[in-house]
Structures are given as C-alpha cells and as structure tokens.
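What follows is a single structure, written as structure tokens, with notes after it.
In our numbering, the protein residues as written are 89 to 186.
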C-alpha cells in the first residue's frame with residue numbers, strides 16, 4: 089500500500105512494505121528520510137539502474153544524520169522514496185567537499 093505525505097510543501101510517496109523493510113535493514117524510516125530534501129546543502133547524483141531514472145540525495149536530517157536517499161520524481165513533482173540509509177564515507181566526503 090502506498091503512503092502519501094508532505095513536508096514543507098513537498099509531496100512524497102512510498103510503499104509501506106518497502107518502508108518497513110528499509111527501516112529494519114538500514115535503521116532509517118522514510119518519514120525521517122524526507123528531511124534531507126530540506127537541506128539547502130544537499131547533493132544530488134544519478135542513482136539509475138538501467139531500467140529507471142533514479143536520483144540520490146545526500147543530505148542532513150533535522151537531527152544531523154547524513155543520509156543517502158534514492159528516489160524517483162513522479163508526476164506533479166512528487167518524490168517516490170525507494171531506499172534510505174546512512175551515507176557511506178565516500179558519500180560523506182562528496183557532501184562535505186562539493
């Protein structure tokens with residue numbers, strides 16, 4: 089089942105089963121992952137597998153967790169969250185140095 093949410097005027101959607109799996113596997117809830125899109129210093133990069141255009145956002149949450157969030161832009165600029173995890177060291181360096 090899809091979950092719809094907004095944060096600061098930005099629309100989000102995600103699959104509830106995928107969100108539960110992601111929280112169990114990576115310790116990051118999609119409700120928190122939305123916060124990286126509020127980070128004015130966030131970095132965006134391509135995260136596409138061959139079949140679908142995906143982006144990743146590397147940014148800070150309101151409690152200063154640096155996350156790597158894979159998403160797809162859907163109709164109406166709604167962001168569909170695919171996965172979220174704590175940023176790896178190389179991703180942290182890209183965030184800090186770019």
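Backbone N, C-alpha and C define an ideal beta-carbon position, used for all residues, glycine too.
Asked, Found
"Drop a sphere of 10 angstroms on the beta-carbon of residue 156, count the other beta-carbons inside from all chains shown, and report buried for 16 or more, exposed for fewer.", "buried"
"So who's on the other strand from residue 159, going by DSSP bridges?", "143 and 169"
"Roughly how far, in whole angstroms, is the beta-carbon of residue 90 from the beta-carbon of residue 105, given that I think they are within contact range, below 8 Å?", "About 10 Å; that fails the 8 Å criterion."
"Out of 163, 173 and 177, state which residue places its alpha-carbon closest to the alpha-carbon of residue 108.", "173"
"Whose CA, out of 116, 110 and 122, lies closest to the CA of residue 92?", "122"
"State the DSSP-derived secondary structure class of residue 128, mapped to helix, strand or coil.", "coil"
"How is the beta strand (DSSP E) around residue 98 delimited, first residue to last?", "98-103"
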